[in-house]
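Sequential numbering from 1 applies to the sequence shown in the UniProt record's numbering.
For glycine and all other residues, C-beta sits at the position ideal for the given N, C-alpha and C.
Here the structure is laid out as structure tokens; the discussion comes afterwards.
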Amino acid sequence: MPLSVASNVLLLNAFLQSEITQQELARRIGKHKQEITRLFNLHHATKIDAVQLAAKALGKELSLVMV
């Protein structure tokens with residue numbers, strides 16, 4: 001699985017656990033709701049920085065490890 005897809009899946013799981021709305025997440029990171037919808041679209045290429053910003057807004061930390 002590509003890293004970009006894996007990070008989006010992890011973000012979506014964190015979002016679902018948070019029980020906040022897409023509108024609230026958008027407000028927290030200063031984006032429009034439409035951008036949050038694209039963020040969760042696995043067929044849309046999302047920049048890793050956007051995933052990291054959203055994760056932080058959910059109280060999570062995105063880390064990358066090379067082994």
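For residue i, which residues from the same chain have a beta carbon less than 7 Å from its beta carbon, with the 5 sequence-adjacent residues on both sides left out?
i   : result
A57 : L25, R28 and I29
Q52 : L62
So what's residue i in DSSP terms, helix, strand or just coil?
i   : result
S4  : helix
T37 : helix
S63 : coil
Spatial neighbours of residue i within its chain, please: CB distance less than 8 Å, with the 5 preceding and 5 following residues excluded, ordered by chain position.
i   : result
A54 : L11, F15, L25, I29, I36 and L39
Span of the alpha helix (DSSP H) holding residue i?
i   : result
I29 : Q22 to I29
V51 : I48 to A57
Measure the C-alpha to C-alpha separation of residue i and residue j and round it to an integer number of angstroms.
i          : j   : result
residue 68 : L42 : Because the chain spans 1 through 67 in this model, residue 68 falls outside it and cannot be assessed.
Q34        : Q22 : 9 Å
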